[in-house]
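Worksheet: the structure to be examined is printed underneath.
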Amino acid sequence: LEIFRARLEAEGKPANIIENILKGQIGKFFAESCFLEQGFVKDADIKINALLEAKGKEIGDTLTVTRFVRFGLGE
Numbered sequence: 245l246e247i248f249r250a251r252l253e254a255e256g257k258p259a260n261i262i263e264n265i266l267k268g269q270i271g272k273f274f275a276e277s278c279f280l281e282q283g284f285v286k287d288a289d290i291k292i293n294a295l296l297e298a299k300g301k302e303i304g305d306t307l308t309v310t311r312f313v314r315f316g317l318g319e
């Protein structure tokens, strides 16, 4: 985070703009790295966390992820 901040400061960006850029970069990192923040495979506009909440409301219970499997093509 400090590396990105230093790079943006070296580019001459204003402090308030730097904070907004850093928030966006952190959000993007978590969206790509954290399973619950990733887009659902059938509809990328819906995050896994939001899908679990919606389906939980449909059935009247709380849903949690206890495990998951990662599939990859060509590996």
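The opening residue of the sequence shown carries number 245 in this note's numbering; numbering runs sequentially from there.
For each residue, glycine too, the CB sits at the ideal point set by N, CA and C.
None of the values given here were measured: they were computed from a predicted structure.
Residue interval of the alpha helix (DSSP H) (run including residue i)
i, result
"Lys286", "No alpha helix (DSSP H) holds Lys286; DSSP gives it neither H nor E."
"Lys267", "Ala259 to Ser277"
"Arg249", "Glu246 to Ala254"
Cutoff 8 Å; reference residue i; Cβ partners in own chain excluding five residues on either side
i, result
"Phe284", "Ile290, Lys291, Ile292 and Leu295"
"Ala308", "The amino acid occupying residue 308 in the given sequence is Thr; Ala does not appear at that position. Only Leu296 meet the Cβ criterion."
"Phe274", "Glu281"
Cβ pair residue i, residue j closer than 8 Å
i, j, result
"Ile265", "Leu252", "yes"
Of the listed residues the options, nearest to residue i (C-alpha basis)
i, options, result
"Gly268", "Lys286, Gly304 and Phe248", "Phe248"
"Phe312", "Ala254, Lys257, Cys278 and Glu255", "Cys278"
Cβ neighbours of residue i in the same chain (closer than 7 Å, five flanking residues each side left out)
i, result
"Thr306", "Gly300"
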